[in-house]
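Engineer: Residue numbers (my numbering): 15 to 119.
My questions all concern the structure below.
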């Protein structure tokens with residue numbers, strides 16, 4: 015038995031396809047073909063492009079996918095606020111900061 019999604023990926027590697035084309039090529043129902051394509055989109059292997067009433071799918075290439083570095087970590091707003099506070103003088107309004115910057119220019 016062959017893996018339908020692997021075969022669909024081989025097809026996507028060659029060209030963009032619609033669910034109708036996949037259904038005809040692999041002798042599947044349209045909803046089942048669309049389901050396989052949507053699963054590939056969810057896994058990040060394919061991308062959906064909608065043109066009018068037609069759903070088109072194409073392969074997502076590895077160099078288009080942004081990979082977050084392992085050293086990146088989420089920080090709370092409180093941590094970010096504390097870090098940004100170092101750059102702003104206390105007791106100075108936004109209007110005063112703008113005025114000072116304009117004088118520099």
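Note that CB positions come from ideal geometry on N, CA and C, so glycine has one too.
From a predicted model like this one, the values you see are computed outputs, not experimental measurements.
If you measure between the beta carbons of residue 59 and residue 111, is that distance less than 8 angstroms?
Structural biologist: Cβ distance not < 8 angstroms, so residue 59 and residue 111 don't count as in contact.
Engineer: So, is residue 113 buried or exposed, given that buried needs 16 or more other C-beta atoms within 10 angstroms?
Structural biologist: The residue is exposed, with fewer than 16 neighbouring Cβ atoms inside 10 Å.
Engineer: Mind checking which residues open and close the alpha helix (DSSP H) that includes residue 118?
Structural biologist: Residue 118 -> alpha helix (DSSP H) spans 108–118.
Engineer: Pull up the distance between the alpha-carbon of residue 30 and that of residue 107, whole angstroms please.
Structural biologist: Roughly 54 angstroms separates the two Cα atoms.
Engineer: Got a sec, what are the start and stop residues for the beta strand (DSSP E) residue 73 sits in?
Structural biologist: From DSSP, the beta strand (DSSP E) with residue 73 extends over 68–73.
Engineer: What did DSSP end up calling residue 61 once you bin it into helix, strand or coil?
Structural biologist: Correct three-state label for residue 61: strand.
Engineer: Any idea what DSSP makes of residue 31, helix, strand or coil?
Structural biologist: It is a strand residue.
Engineer: Taking 8 angstroms as the cut-off, does the stretch 62–78 touch the stretch 25–40 (at least 3 CB pairs, one atom from each stretch)?
Structural biologist: Judged by Cβ distances under 8 angstroms, the stretch 25–40 makes contact with the stretch 62–78, as three or more pairs qualify.
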